[in-house]
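Some notes on the structure that comes next.
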Amino acid sequence: MTEEMKQDIAQENPSNAVENKQESPSDPSLLQEVMAKKEKIKALETEISKRDADNEKRRIAKLEEQGKLKELLTEKDSTIDNLNSKLESQSNIVSNYKQNLVNGLTSDDERKEYLSTKTVDFLEELTKEKAALEPPVSNPKESLGAVRQSPKNLKKVWDLSNEERKENWDEILHSYTKNK
Numbered sequence: 002m003t004e005e006m007k008q009d010i011a012q013e014n015p016s017n018a019v020e021n022k023q024e025s026p027s028d029p030s031l032l033q034e035v036m037a038k039k040e041k042i043k044a045l046e047t048e049i050s051k052r053d054a055d056n057e058k059r060r061i062a063k064l065e066e067q068g069k070l071k072e073l074l075t076e077k078d079s080t081i082d083n084l085n086s087k088l089e090s091q092s093n094i095v096s097n098y099k100q101n102l103v104n105g106l107t108s109d110d111e112r113k114e115y116l117s118t119k120t121v122d123f124l125e126e127l128t129k130e131k132a133a134l135e136p137p138v139s140n141p142k143e144s145l146g147a148v149r150q151s152p153k154n155l156k157k158v159w160d161l162s163n164e165e166r167k168e169n170w171d172e173i174l175h176s177y178t179k180n181k
């Protein structure tokens, strides 16, 4: 068996030699073409590397310019923060004013909840209309919730009976103090 293997190997070797010869270029024009393509590839690779270097330089220049832009962005961010704090303060003032208007219009919780969804302009108009509908108080010293009694037409004190004098004594005194 070893002889057969040796013969097989010997037979394969000549075929390998033939294959090697077929791989080698027999035509010099093909060799020149391959060499030209290699040079072209190298030239393109150098051109690409130059472009990459130029792009990197541009990117670095932009970043340097953006250094100034970063300062502007920082200023804008601080301005935005400042304006946001002012907006929050103003919205708190408006909400307090709105709540005061709602509280002045009604004491019912459901009605307050409904009115709190309305705009400040609407609530101001509603407050003006309510003020126009309320009767003016004739005596500003009186509280709005006090009940006034109509003044009684009292006879002269000497014409009243003792019981009437006792019942109306405060009014009698009050009528004399007004006259002074």
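Each residue of the sequence shown is one higher than the one before, starting from 2 at the first, in the numbering used here.
We put the beta carbon where it would ideally sit given N, CA and C, even for glycine.
Quantities reported herein were computed from a predicted structural model and do not represent experimental measurements.
N-terminal and C-terminal residue of the alpha helix (DSSP H) that residue i is part of
i, result
"Lys39", "29-106"
"Glu164", "163-168"
"Asp122", "121-134"
"Asp110", "110-116"
Backbone CA spacing between residue i and residue j [nearest angstrom]
i, j, result
"Leu116", "Glu164", "54 Å"
"Glu125", "Lys131", "10 Å"
"Lys22", "Ser30", "Confidence at Lys22 is low in this model, with a pLDDT of 48, below 50, so the placement of that residue is unreliable and no value is reported for it."
"Ser79", "Glu46", "47 Å"
"Asp171", "Asp160", "17 Å"
"Ala44", "Ala37", "11 Å"
"Gln67", "Glu76", "14 Å"
"Ser50", "Lys63", "20 Å"
"Asn97", "Asp110", "17 Å"
"Leu32", "Lys41", "14 Å"
"Asp55", "Lys69", "22 Å"
"Glu65", "Asn83", "28 Å"
"Lys39", "Ile61", "33 Å"
Cβ separation of residue i and residue j, assumed to be a contact under 8 Å, to the nearest whole Å
i, j, result
"Lys87", "Val121", "With 8 Å as the limit, Lys87 and Val121 do not qualify as a contact, their Cβ atoms being about 18 Å apart."
"Thr118", "Leu102", "Contact doesn't hold; Cβ gap of about 13 Å is too wide."
Close Cβ partners of residue i (< 8 Å) along its chain, the five nearest in sequence each way excluded
i, result
"Leu73", "none"
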